[in-house]
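Numbering (UniProt numbering), first residue to last: 1 to 600. Glycine is no exception: its CB is placed at the ideal position from the N, C-alpha and C atoms. Single-structure report; data block below.
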Amino acid sequence: MLAPTTRAPRWTSQRRVLELHLSELHKCGDLDRLKQIQAQVYKSHLHRDPFVVPKLVSAYSLCGRLPGALSAFHQVPSPNTLLYNTLIRACAHGSRSRSLAFDAFFDMRRSEVFPDNFTYPFLLKACLGPSALSQVEMVHAHVVKLGFLCDIFVPNALIDAYSKNGGLGLVAAKKMFDGMPERDTVSWNTVIAGLVRAGDVKEARQMFDRMPERDTVTWNTLLDAHAKAGEMDEAFELFERMPERNVVSWSSVVSGYCKKGDMEMARLLFDKMPTKNLVSWTIMISGYAEKGLAKEALSLFDQMENSGLEPDVATIVSILAACAESGLLALGKRITSYVGRNKLMRTTHVCNSLIDMYAKCGCLDIACDLFEGMVERDLVSWNSMLQGFAMHGHGEKALDIFFRMKREGIRPDGVTFLGVLCACTHVGFIEEARKYFASMERDYGIVPQIEHYGCMIDLLGRGGLLKEAFDLTKSMPWEPNAIIWGSLLGACRVHNNVEFAEEAVNELIKVEPSDAGNYAILSNIYAAAGRWDGMSKARVQMKGTGAQKPAGSSWIELGDVVHEFTVGDRTHPESDRIFMMLDRIGEHLKKAGYFPRAYS
DNA sequence: ATAGGGTTAG
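See below:
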């Protein structure tokens with residue numbers, strides 16, 4: 001028998017309605033709606049209600065408005081465990097507010113509000129960055145002291161947090177896993193994911209084979225690991241063997257074949273997918289875009305829209321990155337017009353991707369207009385613009401950007417200095433470059449990475465300061481890589497220095513023995529110096545390694561067709577006319593007094 | 001009554 005309906009007191013039903021509205025916000029994330037509801041909360045005097053406020057806090061967090069979450073939190077004079085937990089989760093969510101999660105936690109402890117088993121998984125999400133490992137260790141100690149290891153969610157979250165901290169963290173994660181009295185599928189999946197992240201696909205696979213019960217996530221993790229490692233035979237074998245496939249499984253194989261460049265196979269599987277979501281479309285479109293296949297990418301983008309799916313920020317950013325990589329301006333412009341029609345797309349992130357894409361495609365004027373038109377510029381915006389100018393040889397403009405960002409109080413990072421040093425190279429500012437390089441760590445606390453050394457070495461070498469360039473190479477805290485030896489070698493060629501060149505090329509061959517270009521360069525250097533003995537030695541050396549030099553290529557986009565050219569290639573339909581034009585240009589150059597170097 | 005961990009696009 002059902003009990004007769006009892007009428008709840010008016011204030012209770014009002015609160016129920018508000019709670020319901022607030023939990024609906026979890027899905028849509030509508031900020032205006034949230035503000036309306038918050039006004040209702042105030043009007044009903046529920047802004048201190050211990051069950052309503054947590055919902056407000058998480059709704060604000062889901063809308064990406066941490067200040068709103070914080071102010072809702074601060075309305076409550078003495079927050080309880082639930083409210084603190086929601087706040088910690090809200091802070092852990094954003095990338096800039098992670099330290100606030102710990103502030104909230106310490107505040108919670110000071111107020112003698114007791115953490116529970118829900119507190120720690122949230123707090124562990126906030127452990128990222130340089131001091132993450134010690135943070136995880138601290139949380140681990142708390143957990144042990146308060147005895148929350150018995151809730152399997154907590155050790156699982158610990159495994160995840162530990163495993164995100166490199167080799168040392170992975171050791172701790174495995175130790176945690178081994179010490180658990182009981183493990184569930186998530187425990188296994190988390191260690192396996194950690195191993196994959198660390199690049200140890202082999203051990204991940206061993207654990208996968210040892211696992212008592214695998215779910216779709218387990219299969220997907222390993223499938224994707226193989227796909228990302230370029231091992232598509234293994235990936236496809238797992239894909240066929242797995243008992244159940246979902247969108248993620250299909251997306252992973254499609255993505256794997258795209259990365260391998262096997263677009264036919266990728267497309268075949270993409271067409272066979274039982275259900276496609278925004279992610280799968282993004283993978284396929286970006287795959288085409290990255291390969292410069294404009295027609296396919298454009299037509300697929302239209303098909304996606306026709307199927308009723310709205311691209312989101314991630315889709316747009318991903319496609320734009322692919323366009324930037326291949327120089328696919330046509331699709332980039334199509335995306336730009338899409339962004340222009342959608343107010344939701346006017347985010348800093350999207351704008352940054354547009355600037356990067358236009359800059360890399362050589363349209364610096366458009367990139368510049370976009371940059372100047374931005375209302376809110378973040379570090380990435382400044383870096384993209386700076387890098388864009390530097391990359392295309394506009395050293396002064398790049399440095400102007402650097403001075404402007406300093407004036408506006410933006411803290412530069414390592415990427416900024418990479419752009420600055422690159423700009424100095426283009427304008428031959430050796431003295432300035434030395435100054436900036438020295439100021440990185442001293443004034444900004446940025447430890448120069450091997451890329452920064454590479455820039456400096458390149459710059460000194462180009463300037464003819466070969467001795468200084470070699471000295472810097474040897475004083476680096478790392479073993480020089482192929483890029484560094486290569487740029488030293490380039491400098492030796494320009495400045496006709498055979499002694500240094502011999503050393504550089506021998507080192508280059510040590511780190512990159514299968515690149516035939518290196519032997520060719522060595523041989524050319526001997527030839528130029530009239531040392532025929534050395535020349536034939538280099539030729540023999542190359543034969544011995546079976547090295548092959550992949551042909552370099554250049555390409556240009558006209559309309560929406562990308563024309564690609566390689567050395568000696570005569571497959572282009574207009575080939576004869578192109579070579580005729582090249583000859584004419586060559587004549588003009590000679591008349592203007594330019595003679596190509598004998599060896600380059 | 002209340003909220004939580006692992007995989008895929010960036």
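**Request:** State yes or no: is the C-beta of Leu222 within less than 8 Å of the C-beta of Arg210?
**Result:** no
**Prompt:** How would you write the range of the alpha helix (DSSP H) that Lys295 sits in, first residue to last?
**Reply:** 294-306
**Prompt:** On the three-state DSSP scale, how would you describe Trp219?
**Reply:** helix
**Message:** Rounded to whole angstroms, what is the Cα-Cα separation between Pro121 and Asn277?
**Reply:** 29 Å
**Message:** Helix, strand or coil for Ile585? Go by DSSP, reduced to three states.
**Reply:** helix
**Request:** Return yes when the Cβ of Gly230 is within less than 8 Å of the Cβ of Ala259, no when it is not.
**Result:** In the sequence on display, residue 259 carries Lys and not Ala. Result yes, Cβ atoms of Lys259 and Gly230 sit closer than 8 Å.
**Asked** When burial is assigned at 16 or more other CB atoms within 10 Å of the CB, is Thr190 buried or exposed?
**Response** buried
**Message:** Rounded to whole angstroms, what is the Cα-Cα separation between His426 and Leu62?
**Reply:** 45 Å
**Request:** Would you tell me roughly how many angstroms separate the C-alpha atoms of Arg334 and Glu503, rounded to the nearest one?
**Result:** 49 Å
**Request:** Indicate whether Ala491 and Glu512 have their beta-carbon atoms separated by less than 8 Å.
**Result:** no
**Asked** Helix, strand or coil: how does DSSP classify Gly179 here?
**Response** coil
**Asked** Under the three-state reduction of DSSP, which class applies to Leu2: helix, strand or coil?
**Response** Legend: pLDDT at Leu2 = 42, less than 50; position of this residue unreliable, value from coordinates given subsequently. If DSSP states are grouped into helix, strand and coil, Leu2 belongs with coil.
**Asked** Going by alpha carbons, who is nearest to Ser99 out of Ala132, Val447, Val143?
**Response** Ala132
**Request:** Take Ile319 as the anchor and find which of Ile283, Lys343, Asn306 has the nearest alpha-carbon.
**Result:** Ile283
**Message:** I'd like the list of long-range same chain contacts for His452, defined as Cβ closer than 8 Å, with 5 residues on each side in sequence excluded.
**Reply:** Gly414, Phe417, Leu418, Leu421, Phe437, Met440
**Item:** Euclidean distance between Cα positions of Lys590 and Met581
**Value:** 14 Å
**Message:** Just to check my reading of the structure: Tyr526 and Ala516 have Cβ atoms closer than 8 Å, yes? What is that Cβ distance to the nearest angstrom?
**Reply:** That belief does not hold up - the Cβ atoms of Tyr526 and Ala516 are roughly 16 Å apart, past 8 Å.
**Request:** Grab the span of the alpha helix (DSSP H) containing residue 654 for me, first residue to last.
**Result:** With the chain running from 1 to 600 in the structure shown, residue 654 is simply not present.
**Item:** Which of helix, strand or coil DSSP assigns to Met580
**Value:** helix
**Request:** Mark Tyr42 as exposed unless 16 or more other C-beta atoms lie within 10 angstroms of its C-beta, in which case mark it buried.
**Result:** exposed
**Message:** Can you check which of these residues, Asn383, Trp532, Ser252, is closest to Arg411 by C-alpha distance?
**Reply:** Asn383
**Request:** Rank Tyr338, Leu489, Arg89 by C-alpha distance to the C-alpha of Met304 and give the top, closest one.
**Result:** Tyr338
**Prompt:** Would a C-beta distance cut-off of 8 Å place Met476 and Ile446 closer than the cut-off?
**Reply:** no
**Item:** Spatially closest choice to Glu431 from Gly332, Leu238, Arg577, Gly463, by CA coordinates
**Value:** Gly463
**Message:** I need the DSSP call for Ile115, collapsed to helix, strand or coil.
**Reply:** Sequence check: residue 115 is Pro here, not Ile. DSSP places Pro115 in coil when its eight states are reduced to three.
**Request:** Identify the continuous alpha helix (DSSP H) that holds Val339 and give its terminal residues.
**Result:** 329-341
**Asked** Can you round the beta-carbon distance between Ile484 and Ile457 to whole angstroms, since I take them to be within the 8 Å contact cut?
**Response** 6 Å
**Message:** Measuring alpha carbon to alpha carbon, tell me which residue in Ala321, Pro311, Ala367, Cys323 is nearest Lys343.
**Reply:** Pro311
**Asked** Could you give the residue range of the alpha helix (DSSP H) that holds Phe429?
**Response** From DSSP, Phe429 is part of no alpha helix (DSSP H); its letter is neither H nor E.
**Distance between Val380 and residue 614 (C-alpha atoms, nearest Å)** = The requested residue 614 does not occur in the structure, where the chain is confined to residues 1 to 600.
**Message:** Just to confirm, is the Cβ distance from Pro115 to Leu83 under 8 Å?
**Reply:** no
**Cα-Cα separation between Leu465 and Ala141, rounded to whole angstroms** = 54 Å
**Asked** Using the rule of at least 16 other Cβ atoms within 10 Å of the residue's Cβ for burial, across every protein chain shown, is Ser600 buried or exposed?
**Response** With a pLDDT of 36 at Ser600, under the threshold of 50, the modelled position of that residue is not reliable, and no figure is offered here.
**Message:** With distance defined between alpha-carbon atoms, name the residue in Pro130, Asn117, Gly129, Asn165 nearest to Val143.
**Reply:** Asn117
**Prompt:** Taking the alpha carbon of Arg183 as the point to measure from, which residue in Asp200, Val171, Arg197, Val154 has its own alpha carbon closest?
**Reply:** Val154
**Prompt:** Hey, how far is the Cα of Asp49 from the Cα of Leu56?
**Reply:** 11 Å
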